[in-house]
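These notes are about the structure you will find just below.
Residue numbers (our numbering): 65 to 310.
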């Protein structure tokens, strides 16, 4: 099935075979996205993703758009790891799609293995921290030009203030809690950061490893200019204190 879809989406390639991917992504599976490694007659490998669910098709379309945007950024060579490099895409939501109602994304195959974020070693965590730092140092212009969300520090503060106000008015959260949150927002130095490009939030399977070295970070659909802490939220649900501090 995947070989036939790959042949339809990339007709110039002669597909010789397929195999299951070792890079399992739980989020993709939840959206009904299948992933296989396809090999052509010359021995070249391709990561092939396919979905016929509305959410899966939307996720793949967003991933393709993000990959195309990233490819226009000349700074990528300094990241130290690879990103999605899409070679072909057939949108199953369009009429007369060559793959019917199935969206198919074909990308350059990434070496490395997916690893659940809860199982990262201390060295893995240090590598992720270095990778996120490299992302946050990218210039933000390319995201704004491509129409991705761009938030300033002041906008983030205003959004949080308005959110707390709505909670207080709704009465679903005790007033002492919303008051405490409001006090936190007034903490000196809390808003001294500058917003920057962020991945948007890592999920299991988005980071590929060879040993403790990162070979690729994938699924950039939610990239934007925002608080760099947005890329760190996962560590509090996935890692203990020692791993968070690595």
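Glycine included, C-beta positions come from ideal geometry on N, C-alpha and C. Since this is a predicted model, take the numbers as computed values, not measurements.
- The three-state secondary structure of residue 74, taken from DSSP, is coil.
- Unbroken alpha helix (DSSP H) stretches of 4 residues or longer found wholly inside the stretch 229-306: 239-249 and 299-302, given in chain order.
- If you look at residue 65, you'll find it isn't in any beta strand (DSSP E); DSSP assigns it neither H nor E.
- Residue 283 is classed as buried because its beta carbon has at least 16 other beta carbons within 10 Å across all chains shown.
- Counting C-beta pairs closer than 8 Å gives three or more between the stretch 278-296 and the stretch 251-259, which meets the contact rule.
- Apart from sequence neighbours up to five positions away, the residues of its chain that approach residue 286 with a beta-carbon distance below 7 Å are 264 and 265, ordered along the chain.
- The stretch 117-205 contains, as complete beta strand (DSSP E) runs of 3+ residues, the segments 150-154 and 167-172 (chain order).
- Considering only 252, 229 and 70, the residue with the shortest C-alpha distance to residue 243 is 229.
- Checking the DSSP bridge columns, you'll see residue 218 has no partner listed.
- Taken atom to atom, the span from the alpha-carbon of residue 115 to that of residue 161 is near 13 Å.
- Judged by their CB atoms, residue 172 and residue 110 are nearer to each other than the 8 Å cut-off.
- If the five residues before and after residue 276 are omitted, its C-beta is found closer than 6 Å to the C-beta atoms of 187, 188 and 191, all from its own chain and listed in chain order.
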